[in-house]
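Numbering (the numbering used here), first residue to last: 1427 to 1547. All remarks here apply to the structure that follows.
What follows is the structure, encoded as structure tokens:
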């Protein structure tokens, strides 16, 4: 059975899945954008469920459209969008609030205070 490497890239504006063969050649790419929310000036958020669903869809699509079964994945690599934060309910597994994206500036004044206090590396 032929084996593949599945790369999952969770970017700032889209979810992507890339399928590689054993020689490192790209066999297929799927990508899906998701909604950016700007509830206030300087705030940037994503819907965690939309992130999950878009990543699941591109992973399934890149496999299904190429006749590759999940068990043919020899490895899965995952990249993400830096400091984006999601808080999940431990009991339900549901997100408590939207993801706060790395571009969000709502804590800028706290960061400035830490920097002024010499807490910056």
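Glycine residues also receive a C-beta, built at the ideal position from the N, C-alpha and C atoms.
Open item on the list: To test your reading of the DSSP string, which unbroken alpha helix (DSSP H) runs of 4 or more residues are found completely within the stretch 1428-1497?
Closed with: 1474-1490
Return the CA-CA distance between residue 1549 and residue 1435, expressed in angstroms with no decimal places.
Within the shown structure, residues of the chain are numbered from 1427 to 1547, placing residue 1549 beyond reach of any answer.
- Item | Paired residues, beta bridge with residue 1521 - DSSP | In the DSSP output, where bridge partners are listed per residue, residue 1521 has 1514.
Since residue 1429 and residue 1498 are thought to touch, with beta carbons under 8 Å apart, how far apart are those beta carbons, to the nearest angstrom?
With a contact defined as Cβ atoms closer than 8 Å, residue 1429 and residue 1498 qualify at about 6 Å.
Tell me whether residue 1534 sits in a helix, a strand or coil according to DSSP, three-state version.
helix
Counting along the chain, where does the beta strand (DSSP E) carrying residue 1503 start and finish? Where residue 1503 is concerned, the enclosing beta strand (DSSP E) stretches over 1499-1505.
Measuring only from the beta carbon, is residue 1524 closer than 7 Å to any heavy atom that is part of the ligand MN? The model on display carries no ligand, and the ligand MN is accordingly not part of it.
Requested in this report: Would you mind stating whether residue 1484 and residue 1531 have Cβ atoms separated by less than 8 Å?
Outcome: no
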